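Chemist: My structure is below; once you've seen it, I'll send some questions.
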Amino acid sequence: MIAEYLEHALQFERMAVDAAEGPLKESLTNQALAYRKLAEERATRLRLHLPKAAAPIARPNCPRCGTRMMLGRIRPAHGKPDHDERTFECPNCGNEISEVVKSK
Ligand SMILES: [Zn+2]
Numbered sequence: 114m115i116a117e118y119l120e121h122a123l124q125f126e127r128m129a130v131d132a133a134e135g136p137l138k139e140s141l142t143n144q145a146l147a148y149r150k151l152a153e154e155r156a157t158r159l160r161l162h163l164p165k166a167a168a169p170i171a172r173p174n175c176p177r178c179g180t181r182m183m184l185g186r187i188r189p190a191h192g193k194p195d196h197d198e199r200t201f202e203c204p205n206c207g208n209e210i211s212e213v214v215k216s217k
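The opening position of the sequence shown corresponds to residue 114 in my numbering, with each subsequent residue numbered one higher.
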């Protein structure tokens, strides 16, 4: 059940990443958050700990100007199975950084 909620959350997050800026992106992001919340509430009730990879994606601050960065895209990391490359974009100065994280 929890895995199912998280799966929904991930689906909505991926759609939100692909969606253009606007009401649709916002609504997809909100739905992803709602599913994450459901999963967390259920996990708390069952006294389970969510796997680390299931934690919401932490958005870093731009190393250049300090603005909170936006998640731009997620794609499979090159040459590293089971890893995703997350690219963050700075809405203020356009700086981009990426990190490679284990996907599961
Ligand atoms: Zn910046």
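Virtual Cβ for every residue (Gly too), placed ideally from N, Cα, C. Keep in mind the model is a prediction, meaning the values are calculated, not measured.
If the criterion is Cβ atoms closer than 8 Å, does the pair residue 209 and residue 199 meet it?
Modeler: As a working mapping, residue 209 is identified with position 96 in the sequence shown. As a working mapping, residue 199 is identified with position 86 in the sequence shown. It is not a contact, given that the beta carbons lie outside the stated cut-off.
Chemist: Determine which residues share a DSSP beta bridge with residue 211 and list them.
Modeler: Translated into the one-based positions of the sequence shown, residue 211 becomes position 98. DSSP, once it has assigned bridges, lists 200 as partnering residue 211.
Chemist: So for residue 187, helix, strand or coil by DSSP?
Modeler: Position 74 of the sequence shown holds residue 187. Residue 187: strand per DSSP, three-state reduction.
Chemist: So what does DSSP say about residue 72, is it helix, strand or coil?
Modeler: This structure does not reach residue 72, given that the chain is present from 114 up to 217, and the question cannot be answered.
Chemist: Can we count residue 143 as close to ligand 1, meaning its CB is less than 7 Å from some heavy atom?
Modeler: Within the sequence shown, the letter at position 30 stands for residue 143. Residue 143: no, Cβ never under 7 Å from ligand 1.
Chemist: Could you check whether the Cβ of residue 181 sits closer than 7 Å to any heavy atom belonging to ligand 2?
Modeler: Ligand 2 is not part of the structure shown, which contains ligand 1 as its ligands.
Chemist: Distance, Cα to Cα, residue 132 vs residue 141?
Modeler: Against the sequence shown, residue 132 aligns to sequence position 19. Against the sequence shown, residue 141 aligns to sequence position 28. Cα to Cα, the separation comes out at about 8 Å.
Chemist: Give me, in chain order, the residues of the same chain whose beta-carbon lies closer than 8 Å to that of residue 174; leave out the 5 immediate sequence neighbours on both sides.
Modeler: Locating residue 174 in the sequence shown gives position 61, counting from the first residue. Around residue 174: 180, 181, 182.
Chemist: Short check: CB of residue 122 to CB of residue 156, under 8 Å?
Modeler: By 1-based counting over the sequence shown, the position of residue 122 is 9. By 1-based counting over the sequence shown, the position of residue 156 is 43. For residue 122 and residue 156, no; Cβs fall outside 8 Å.
Chemist: Per the DSSP calculation, residue 177 is bridged to which residue(s)?
Modeler: In the sequence shown, the residue the question calls residue 177 occupies position 64. According to DSSP, residue 177 bridges with nothing at all.
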